[in-house]
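Residue numbering for the sequence shown follows our numbering, beginning at 27 and increasing consecutively.
Glycine included, every Cβ here is placed at the ideal spot set by N, Cα and C.
Just below is one structure, and these are the notes that go with it.
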Amino acid sequence: MEIQLLRTDNCVSEIMNKYADMVFRLCLVQLKNKADAEDAFQEIFIKLFEKSPLFHDEKHLKAWLITVTSNHCKNKFRSYWYKNRVNIEEIIIPIENKKDQEVIKYVMELPLKYRTVIYLYYYEGYSTKEIAGLLKSKEATVRTRLARGRELLKHHLKVGGFPDE
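See below:
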């Protein structure tokens, strides 16, 4: 049974309320810049509302949003303009716990391919198989990136003075 989720203003509001935070955080993790993340966020939701695709269920909608967000941010990250601009602002992530703020700071310093899988695995709760499907990669590649990302993160945390946990 296919569900058209984007026909009424009420549905649009519901989707925005439910998925806005996830999409924005994923943009922020990938682009490492609040202004660029806000732009990407808007472009992604405009794409969703203009295309108005059919979704089988909420899970399908969420997977579509993650895939489109990831691809959109990768394309933006690869663009000539993005590579040749000067970053004038530091990333601000609303996290109350000081220790978590430090950890996310180190996560943000990881290369994009590791940062994305770590975010989806730990912050969004996806399995490696689900991440592979979302990013159109092999599951073994996702597991390798997750392991290497953890090692890099562990190294950065040790250098940064975090105790082993």
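Item	Value
Assuming the contact rule is C-beta atoms closer than 8 Å, H98 and I144 should be a hit. Round their C-beta distance to whole Å, please.	In fact, because the Cβ distance is near 19 Å, the residues do not count as touching under 8 Å.
Among the candidates L138, K88 and H181, whose CA atom is the shortest distance from the CA of G151?	K88
Distance, Cα to Cα, P79 vs A166?	30 Å
According to the neighbour-count rule (16 or more other Cβ atoms, all chains shown, within 10 Å of its Cβ), is N59 buried or exposed?	buried
Just the Cα atoms here: how many angstroms apart are T93 and N36?	24 Å
Taking the runs of the beta strand (DSSP E) that are 3 residues or longer, which of them lie wholly in the stretch 137-188?	none
Mind pulling the alpha helix (DSSP H) runs of 4 or more residues that sit fully within the stretch 48-105?	60-77 and 84-104
Grouping DSSP H, G and I as helix and E and B as strand, with all else coil, what is E135?	coil
Using alpha carbons as the reference points, say which of V129, T142, E128 and I130 lies closest to K162.	T142
Would a C-beta distance cut-off of 7 Å place L183 and Y132 closer than the cut-off?	yes
Please classify R104 as buried or exposed, where buried requires at least 16 other C-beta atoms within 10 Å of its C-beta.	exposed
Give the straight-line distance between the Cα atoms of K139 and S153, rounded to the nearest whole angstrom.	16 Å
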